[in-house]
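In mature numbering (1 follows the signal peptide of the UniProt record, and there is no 0), the protein residues as written are -29 to -1, 1 to 462. Heads up: the structure comes next, in structure tokens.
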Amino acid sequence: MLESSWSVRAGLSAMLTVAAGMLASPAQAASTGIVQVVETTKVQYKAAGGDQNRVVISRSGNTVMIDDVVTLAVGKGCKAVQGDRTRVRCTIAQGPARVQVYTYDRNDSVDNRSDVGLSADGGSGADRLTGGPRGDRLFGGSGADRIWGQGGADTMNGNVGNDVVSGGPGDDVVVGHDGADRLYGGDGHDDIRGYSGNDVLYGGADSDYLFDGPGNDRSYGEGGDDVLDQNWGYTTDSDLLSGGSGLDHVAYTERVKPVTADLDGATGDDGQAGERDSIGADVESLVGGKASDRLTGNGSRNLLGGLAGDDVLIGLGGDDQMGGDQGRDRLYGGAGNDDMYGDIDSATAASDFLAGGDGIDTVSYHSYTAAVSVDLDGATGDDGLAGEHDSVGADVENIYGGAGNDRLTGNAADNYITGGAGNDIVTGYAGNDFLQGEAGLDRLYGGDGDDDLHEQGDTTGTVDLLDGGPHGTRGDGCRESPGDTLVSCEF
């Protein structure tokens, strides 16, 4: 695989399930809100239907204070504050583990000013929920809600309505759900999901995961190395995807229809046919899907991954890293020093075309376990595994072999060729080449030019051949392991 964080985070679906149904709201509201201790260490406040609540939570030692603007009933483990029917104290000997607050059908607010984690369900109405420094679980319910996680690893869900949800510091789960939502990750590595509606997502300072969902959405990765997920394939939606600073990725990995996408920053030319996404020039990485995709980079260093299908990858400028993976792929490095591979391993090998373009370009078979034969003569269909029929262009300068018994051959340019494990035959031909054998019984032939031949990683008793060949002005240098045979090595 490419050396980048292609894949989206594992386990996010489990976190999202929590966000979607965090709190089991009571079936029916009482006529007066009640505060009580439940499950030994949790303070619970169930407000009454019809009340407009303004709940403030504070703590002193092992005592939690629930303060509202309406009369509160006192339940198990709690006491009313003398002279104030809107305040209740609950003392837990071993310390409070969590506070639960359920409000109902008005425009309510809940403000956690304690260091105890809060679980709050705003119910219907335009609610304002504010967490504390610990990990809070805040559920807006229906209505245009405002939710702030503050510190800690929070899980927040605006649910139905045009909501504003902000994570703040910490690794948060921020979910908008139905409605035109504005979602902010803040500091930390956040999981931000818009779902239905025309949403705006902001990643914040660190490396975040952003999924916009159905609707004409705008996603801004901002700081860090962000993943902007386009997997679900809502082809009637036109989304804007901006990476910001860092190494940012747009992923179409689960798409089953062809994707055409580029990093030129033009408006409305990306995605499946008719989708009209707009990927910003501040995105560095593109991953295709399961069909035959066409992915194009820009003048910066890009990471392009075709995955399944017969893909076309075009690097343009910059030092790019490009992987076709499965299928019959065509890779064009363009300007810059590019690294390319056609297939991820010998088990999925198909006939690929790899052209380096300008710069010092490298083709890699490093993950292959079976023997490959690769040369840089530019001939068609004579490279790769037996029967693979890859075509490596003469504008590629370097080769990395795999774990098999490989035969790797350069050209008239200055080549860098590494055999990898196995009993390899590595030939430089003309040019000032660097040839490396690594483990196995290897034969290195420098050919014309001033070459450097290195043998490393051998076990005792392995005898390799290092033949510098005719040299130019400097001579050929050989760095052998004990017992190797040297021919035409000047130093």
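All C-beta atoms, glycine included, are put in the ideal place defined by N, C-alpha and C.
Would residue i be called buried (16 or more neighbouring beta carbons within 10 Å of its own) or exposed?
| i | result |
| --- | --- |
| A341 | buried |
| V40 | exposed |
| V227 | exposed |
| V144 | buried |
| D324 | A small correction: the amino acid at residue 324 is Phe; Asp does not occupy that position in the sequence shown. Classification for F324: buried. |
| E461 | exposed |
| S113 | buried |
| A244 | exposed |
| T74 | buried |
| A326 | buried |
| G391 | buried |
| G156 | buried |
| P67 | buried |
| Q292 | buried |
| E202 | Strictly speaking, residue 202 in this sequence is Asn, with Glu absent from that position. Exposed: under 16 other Cβ atoms inside 10 Å. |
| Q121 | buried |
| D55 | exposed |
| S178 | buried |
| R445 | exposed |
| Q65 | exposed |
| A237 | exposed |
| A(-3) | For A(-3), the pLDDT reaches just 46, beneath the cut-off of 50, and the residue's location in the model is therefore unreliable, although a value from the coordinates is still provided. With fewer than 16 other Cβ atoms within 10 Å, it is exposed. |
| Q427 | exposed |
So, residue i versus residue j, is the Cβ gap smaller than 8 Å?
| i | j | result |
| --- | --- | --- |
| N109 | A124 | The question names Asn, but residue 109 in the sequence shown is Leu. Not closer than 8 Å, so no. |
| G194 | A176 | yes |
| D161 | F182 | no |
| V81 | L100 | yes |
| G288 | G313 | no |
| V345 | G352 | no |
| N128 | G103 | no |
| D300 | D316 | no |
| G165 | D152 | yes |
| W119 | S95 | no |
| G411 | G399 | no |
| A384 | Y339 | no |
| S335 | E359 | no |
| H220 | S256 | yes |
| V230 | D188 | no |
| V9 | V35 | no |
| T57 | L43 | yes |
| L302 | D248 | no |
Who pairs with residue i in a beta bridge, going by DSSP?
| i | result |
| --- | --- |
| T126 | R108 and V144 |
| G448 | D423 |
| V171 | R153 and R189 |
| I396 | R378 and R414 |
If I'm right that residue i touches residue j with Cβ under 8 Å, what's the distance once you round it to whole angstroms?
| i | j | result |
| --- | --- | --- |
| D79 | Q7 | Not really, about 19 Å apart at Cβ, beyond 8 Å. |
| D296 | A279 | 7 Å |
| residue 468 | D421 | The structure shown does not extend to residue 468, since the chain is modelled only from -29 through 462, so no value can be given for it. |
| A252 | D241 | Not quite, the Cβ-Cβ distance comes to about 12 Å (not below 8 Å), so this is no contact. |
| G402 | G381 | 7 Å |
Would you check if the stretch 5 to 20 and the stretch 41 to 57 touch, i.e. whether three or more CB-CB distances between them fall below 8 Å?
-> Judged by Cβ distances under 8 Å, the stretch 41 to 57 makes contact with the stretch 5 to 20, as three or more pairs qualify.
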